[in-house]
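Engineer: Note that full-length UniProt numbering gives residue 833 to position 833 of the sequence shown, counting from 1, and the numbers run on in steps of one. One structure coming up, written as structure tokens, with questions to follow.
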Amino acid sequence: MSTNEPNIDEKYDFSAIQDRWLGIWDKLAPFNTADVPADAPRKYVLDMFPYPSGDLHMGHAEAFALGDVLARYWRGQGFSVLHPIGWDSFGLPAENAAIKRGIDPREWTYQNIEQQKTSFRRYATSFDWSREIHTSDPEYYRWNQWLFLEMFNKGLAYRKDSPVNWCPNDQTVLANEQVVDGRCERCGALVTKKKLNQWYFKITDYADRLVDDLSLLEEGWQSKVLSMQRNWVGRSNGADVTFEIEGRAEPITVYTTRPDTLFGATFMVVAADADLAAELVAEADAETRMKFQDYLEEVKKANDIERQATDREKTGLFSGRYAINPVNGEKLPIWISDYVLADYGHGAIMAVPAHDQRDLDFAKAFDLPVRIVVETEPVDGADAVVDPAESGIALPGAGKMINSGKFDGLTKAESIPAIIADLEERGLGHASKNYRLRDWLISRQRYWGTPIPIIHCGDCGEVPVPASELPVRLPESEGLDLQAKGASPLGAAEDWVNVPCPTCGKPAKRDSDTMDTFVDSSWYFLRFLSANSDEVAFDVNEAKKWAPVDHYVGGVEHAILHLLYARFITKVLHDLGYVDFVEPFTALLNQGMVLMDGSKMSKSKGNLVEFAGELDAYGADALRVTMAFASPPEDDIDWADVSPAGAAKFLARAWRISKDVTTPSGSIADDGDRALRRETHRFLADAPALIESYKFNVVVARLMELTNVTRRAIDSGPGAGDPAVREAAEVLATALNIFAPFAAEDMWSNLGFPAPVALVRWKDADPSLLVADSVTAVFQVNGKVRDRVDVAPDISAADLEAIALASDGVKRAIGEGQIVKVIVREPKLVNIAIKA
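Right under this line is the structure:
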């Protein structure tokens with residue numbers, strides 16, 4: 001059938017246009033990438049996984065509009081583009097919603113997926129639907145389990161006892177980022193600490209590479225995202241220092257980035273939730289032990305980020321014990337506090353209050369001594385350095401050492417290696433690196449997630465499920481208590497959890513925890529390459545053709561953990577020989593938020609704008625144009641300040657041009673109006689660089705300008721029959737496709753071409769049309785403009801000077817004066833200096 005169905009409406013009707021083309025596109029499936037020629041140039045454009053929590057919202061409207069601009073643009077440049085879609089469909093929100101509604105999580109999840117799919121179709125996102133995936137399908141999470149076993153066999157997946165953030169309401173562990181003001185981000189319950197035996201991925205083995213390889217991303221990622229990644233890994237160089245503890249057989253190790261300040265240590269601080277703290281107070285009096293237990297309960301209510309805040313009031317408890325400073329033999333009182341973390345370094349620090357602000361705040365709170373050991377320069381114009389004990393302001397800067405024995409007079413740069421060498425010689429320390437990064441806790445005590453493929457046997461220990469038995473499917477939720485307190489609901493599924501050991505055949509039990517959903521999204525970009533395969537997680541050869549991702553689009557809220565985990569898993573897969581690259585996403589586009597009246601949209605604030613309602617009112621094209629035109633992508637958009645109605649009017653003007661063109665297709669554009677052709681080709685020349693640098697709003701503005709110039713050519717210029725008008729209309733249709741696919745397709749049809757316009761290669765700019773026929777030269781006398789004249793762009797300096805001197809305006813300005821000097825900058829400037 002012909003895809004050029006006649007448009008009988010003479011009025012721009014976005015609803016009719018959408019209805020006309022949706023069915024045609026469904027039949028054409030223009031974005032299917034199953035049969036891409038082996039030698040075709042390729043681009044991989046990926047959107048961050050949507051979560052099926054209901055219909056799409058305005059944040060989705062922006063993110064997916066911007067991702068689609070890139071996918072459609074590269075097709076217009078002649079590339080085969082992989083632009084897939086799937087759903088991050090496991091996780092706590094779906095489980096909680098199902099509990100609230102009394103239904104199976106599957107039912108709630110897949111209903112929402114269908115709703116979002118309908119909205120995506122209406123929004124004209126150019127996805128390859130043949131590669132659709134859902135992480136809650138066994139066909140997907142089977143490969144999560146495969147990945148886990150690959151990690152397990154490589155020694156990168158292990159279990160250990162560890163204190164974790166625990167939500168007593170949701171009955172699961174939480175990452176630090178899921179704890180806000182001491183409460184669960186999802187349900188608002190007070191979070192506590194709980195020691196559990198949990199599964200971890202050993203991401204710390206890759207800490208250095210996660211920092212060093214950021215240099216590969218400097219051209220494609222925002223600098224702030226790179227900084228966030230570096231800061232999260234938190235690599236530092238320093239020393240491990242051995243401190244003897246009075247009354248304890250074993251010494252302890254303290255990590256410090258400033259071994260040059262060891263002589264300034266006046267006390268030690270141990271993390272309240274470290275095992276060492278409990279050990280130190282075990283032999284104290286009953287009152288101290290009770291105070292410690294009460295204090296520990298308070299500490300458990302705060303997350304690690306809050307505990308390390310510089311403005312947090314310092315609290316603590318004296319342990320009654322002392323450490324010995326290895327450089328001078330001084331006794332240091334050992335305090336217990338929450339501002340030190342149990343898993344940072346070794347869970348204890350030497351406190352140097354003169355040169356560390358948090359240590360100084362603690363010292364002042366408990367009247368502990370302060371000793372300056374680095375002579376720093378005065379700051380902020382002061383005449384002298386003020387003692388921190390008096391000012392309350394620490395001196396963290398560099399300088400010469402004082403009060404430091406034989407090291408006095410050395411600079412910071414000289415003293416650090418000297419002190420480390422001295423410690424090493426005496427067997428009391430050594431150079432060391434430390435990281436803020438901790439191993440990735442992947443265990444979750446919830447039902448709706450990927451079962452961990454390990455069987456626990458009393459004789460054989462942790463036994464991997466054989467690969468031939470994957471996937472380990474989730475049992476049905478019917479009959480399970482999804483709100484089971486203190487344990488995973490899967491532990492109660494007796495027919496599922498009780499199995500023979502694969503090694504010895506004796507009775508054993510499946511692991512009843514499920515995986516963190518960050519595992520699902522850490523490698524999904526690779527599953528899209530072989531979405532329908534039941535043989536491999538992804539085809540290695542397909543990865544060589546398509547990956548890594550060329551453009552990754554999503555919110556900056558995922559700039560740390562999601563991206564960090566995806567980078568980590570990519571490096572693991574590289575080391576295992578499955579991929580030939582070490583970074584998953586070459587370029588990253590982080591869009592801002594969509595606000596209303598300056599605030600994040602929410603029902604409780606009464607400022608929620610419904611995506612479906614805006615789609616009904618203005619159409620998909622107007623929403624997409626509005627999102628692209630509102631601001632640079634990384635900036636927030638306030639919906640109160642934009643105009644989808646204005647975008648609809650612009651689209652109507654552009655669409656009308658396609659209806660007015662009377663020149664037949666195939667007309668020779670060279671015969672058309674040169675001024676209009678210049679505008680058209682300037683757009684073609686400028687647009688690629690603008691799009692590739694994400695200046696989408698500028699491109700929309702240029703399209704508006706080209707539309708206006710073309711309309712003037714029709715109404716008051718050479719007319720609708722001029723070949724240059726047809727050329728401009730064709731360029732408008734192909735370029736508008738990236739922002740407004742429905743209108744562009746209808747324009748393309750009006751111009752007599754078959755669908756889809758999305759696969760039409762953009763016209764190349766004609767270099768000869770980018771050179772102006774004339775330029776305006778400015779003539780100045782003693783720096784003041786006296787005349788302007790249009791001249792040829794290639795005019796010589798001598799000819800331009802002659803024209804300037806012959807100018808009536810210049811002659812009048814010179815008068816009786818004497819020309820001292822003539823400066824010519826052809827073809828745009830002549831400046832004549834005179835004296836009276």
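All C-beta atoms in this analysis are idealised placements derived from N, C-alpha and C, irrespective of residue type, glycine included. Just so it is clear, the structure is predicted and the values come from calculations on it, not from any experiment.
Relative to the C-alpha of Y295, which residue among E279, T315, V810 is closest?
Structural biologist: Position 295 of the sequence shown, counted from the start, is the residue given in the question as residue 295. Of the candidates E279, T315, V810, the one whose C-alpha sits nearest the C-alpha of Y295 is T315.
Engineer: Taking just the CA atoms, how far does G721 sit from D671?
Structural biologist: Locating residue 671 in the sequence shown gives position 671, counting from the first residue. Locating residue 721 in the sequence shown gives position 721, counting from the first residue. When rounded, the distance between both Cα atoms is 11 Å.
Engineer: Please look up how many angstroms separate the CB atoms of A354 and V373, rounded, as I've assumed it's under 8 Å.
Structural biologist: Taking the first residue of the sequence shown as position 1, residue 354 is located at position 354. Taking the first residue of the sequence shown as position 1, residue 373 is located at position 373. So it is a contact: roughly 7 Å between Cβ atoms.
Engineer: For A687, which option in P644, K412, I657, D764 has the closest C-alpha, if you only look at C-alpha atoms?
Structural biologist: Numbered from 1 along the sequence shown, position 687 holds the residue referred to as residue 687. If we check each option's Cα against that of A687, D764 comes out closest.
Engineer: I need the DSSP call for S415, collapsed to helix, strand or coil.
Structural biologist: Mapped onto the sequence shown, residue 415 falls at position 415. DSSP places S415 in helix when its eight states are reduced to three.
Engineer: Closer than 8 Å is the cut-off here; do at least three beta carbon pairs connect the segment 147 to 166 with the segment 582 to 589?
Structural biologist: no
Engineer: Taking the beta strand (DSSP E) that Q308 belongs to, which residues open and close that run?
Structural biologist: Within the sequence shown, residue 308 is the residue found at index 308, counting from 1. First-last for Q308: undefined, no H or E at that position.
Engineer: Specify, as a first and last residue, the run of the alpha helix (DSSP H) that Y140 falls within.
Structural biologist: Translated into positions along the sequence shown, residue 140 becomes position 140. Element bounds for Y140: 138 to 153.
Engineer: Report the three-state DSSP secondary structure of W335 (helix, strand or coil).
Structural biologist: As a working mapping, residue 335 is identified with position 335 in the sequence shown. Looking at W335 - three-state DSSP - the assignment turns out to be strand.
Engineer: Return yes when the Cβ of T266 is within less than 8 Å of the Cβ of L423, no when it is not.
Structural biologist: Within the sequence shown, the letter at position 423 stands for residue 423. Within the sequence shown, the letter at position 266 stands for residue 266. Taking 8 Å as the Cβ cut-off, L423 and T266 do not qualify as a contacting pair.
Engineer: Helix, strand or coil for A487, going by three-state DSSP, please let me know.
Structural biologist: Taking the sequence shown and counting its residues from 1, the one referred to as residue 487 is at position 487. Reduced to three states, the DSSP call for A487 is coil.
Engineer: Just to confirm before moving on: does the CB-CB distance between V270 and G188 stay below 8 Å?
Structural biologist: What you label residue 270 is simply residue 270 of the sequence shown in a count that begins at 1. What you label residue 188 is simply residue 188 of the sequence shown in a count that begins at 1. No, the pair does not count as a contact, with Cβ atoms beyond the cut-off.
Engineer: Who are the near neighbours of D240 in its chain, counting only those whose CB is closer than 7 Å to its CB and skipping five residues on each side?
Structural biologist: For the purposes of this step, residue 240 is identified with residue 240 of the sequence shown, where counting begins at 1. So the list reads T253, Y255, G429, H430, S432, once near-sequence residues are dropped.
Engineer: Is DSSP giving A284 helix, strand or coil here?
Structural biologist: As a first step, residue 284 must be located in the sequence shown, where it is residue number 284. Residue state, collapsed to three classes: coil.
Engineer: Output the distance between the C-alpha atoms of R321 and F152, rounded to the nearest integer angstrom.
Structural biologist: Reading the sequence shown from its first residue, position 321 is the one you call residue 321. Reading the sequence shown from its first residue, position 152 is the one you call residue 152. Their Cα atoms are separated by approximately 41 Å.
Engineer: Could you give the DSSP three-state label for A836: helix, strand or coil?
Structural biologist: Looking up residue 836 in the sequence shown gives position 836. Coil at A836, not helix or strand.
Engineer: Is the beta carbon of V609 sitting closer than 8 Å to the one on L66?
Structural biologist: Mapped onto the sequence shown, residue 609 falls at position 609. Mapped onto the sequence shown, residue 66 falls at position 66. Their beta carbons are not under 8 Å apart, which means V609 does not touch L66 by this criterion.
Engineer: What are the start and end residues of the alpha helix (DSSP H) that includes M596?
Structural biologist: The residue given as residue 596 occupies position 596 in the sequence shown. Counting along the chain, M596 falls outside any alpha helix (DSSP H), though it belongs to the beta strand (DSSP E) covering 594 to 596.
Engineer: Along the chain, where does the beta strand (DSSP E) that runs through M401 open and close?
Structural biologist: The residue you call residue 401 lines up with position 401 of the sequence shown. If you look at M401, you'll find it in the beta strand (DSSP E) that goes 399 to 401.
Engineer: Under the three-state reduction of DSSP, which class applies to E375: helix, strand or coil?
Structural biologist: Working through the sequence shown from its first residue, we reach residue 375 at position 375. Here E375 sits in strand by DSSP.
Engineer: Drop a sphere of 10 angstroms on the beta-carbon of F14, count the other beta-carbons inside from all chains shown, and report buried for 16 or more, exposed for fewer.
Structural biologist: Numbered from its first residue, the sequence shown carries residue 14 at position 14. It is buried - the Cβ of F14 has at least 16 other Cβ atoms within 10 Å.
Engineer: What span of residues does the beta strand (DSSP E) with S391 cover, start to end?
Structural biologist: Taking the sequence shown and counting its residues from 1, one reaches residue 391 at position 391. Looking at the DSSP string, S391 is not in any beta strand (DSSP E); the run it does join, the alpha helix (DSSP H), is 388 to 391.
Engineer: Report yes or no: is there a C-beta of chain B within less than 8 Å of the C-beta of S749?
Structural biologist: Considering every chain present, this structure includes no chain B. It has just one protein chain.
Engineer: Cα separation between I560 and R131?
Structural biologist: Along the sequence shown, read from residue 1 onward, the residue named residue 560 stands at position 560. Along the sequence shown, read from residue 1 onward, the residue named residue 131 stands at position 131. Cα to Cα, the separation comes out at about 27 Å.
Engineer: Within 8 Å, do at least three Cβ pairs link the segment 708 to 721 to the segment 736 to 750?
Structural biologist: In this structure the segment 736 to 750 does not touch the segment 708 to 721; the number of beta carbon pairs closer than 8 Å is below three.
Engineer: Comparing alpha-carbon positions, which option in K43, P84, A98 lies nearest Q483?
Structural biologist: Counted from its first residue, the sequence shown places residue 483 at position 483. When only C-alpha atoms are compared, the closest one is A98.
Engineer: Hey, is the segment 123 to 143 in contact with the segment 465 to 472, meaning 3+ C-beta pairs nearer than 8 Å?
Structural biologist: yes
Engineer: Could you give the residue range of the beta strand (DSSP E) that holds E542?
Structural biologist: Within the sequence shown, numbered from 1, the residue matching residue 542 stands at position 542. Element bounds for E542: not the beta strand (DSSP E) but the alpha helix (DSSP H), 540 to 546.
Engineer: Drop a sphere of 10 angstroms on the beta-carbon of E816, count the other beta-carbons inside from all chains shown, and report buried for 16 or more, exposed for fewer.
Structural biologist: Counting from one through the sequence shown, the residue named residue 816 turns up at place 816. So E816 counts as exposed.
Engineer: I need the straight-line Cα distance from S700 to D621, nearest angstrom please.
Structural biologist: For the purposes of this step, residue 700 is taken as the residue at position 700 of the sequence shown. For the purposes of this step, residue 621 is taken as the residue at position 621 of the sequence shown. Reading off the sequence shown, one finds Val at residue 700, where the question assumed Ser. Near 12 Å, if we compare the C-alpha coordinates of D621 and V700.
Engineer: With three or more beta-carbon pairs closer than 8 Å as the criterion, would you say the segment 38 to 53 touches the segment 66 to 86?
Structural biologist: yes
Engineer: Please work out which residues of its chain come closer than 6 Å, Cβ to Cβ, to T626, disregarding the five sequence neighbours upstream and downstream, and give them in chain order.
Structural biologist: Translated into the one-based positions of the sequence shown, residue 626 becomes position 626. For T626, where only same-chain residues beyond five positions count, the Cβ hits under 6 Å are V642, P644, A647.
Engineer: Rank E614, L676, M593, A617 by C-alpha distance to the C-alpha of D638 and give the top, closest one.
Structural biologist: In the sequence shown, counting from the first residue as 1, residue 638 sits at position 638. The residue with the shortest Cα to Cα distance from D638 is M593.
Engineer: Should N96 be labelled buried (16 or more other beta-carbon atoms within 10 Å of its own) or exposed?
Structural biologist: What you label residue 96 is simply residue 96 of the sequence shown in a count that begins at 1. Buried, because 16 or more other Cβ atoms sit within 10 Å of the Cβ of N96.
Engineer: Any contact of the segment 276 to 292 with the segment 358 to 368, i.e. 3+ C-beta pairs under 8 Å?
Structural biologist: no
Engineer: Span of the alpha helix (DSSP H) holding I24?
Structural biologist: Here residue 24 corresponds to residue number 24 of the sequence shown, with the count starting at 1. Start and end: 14 to 28.
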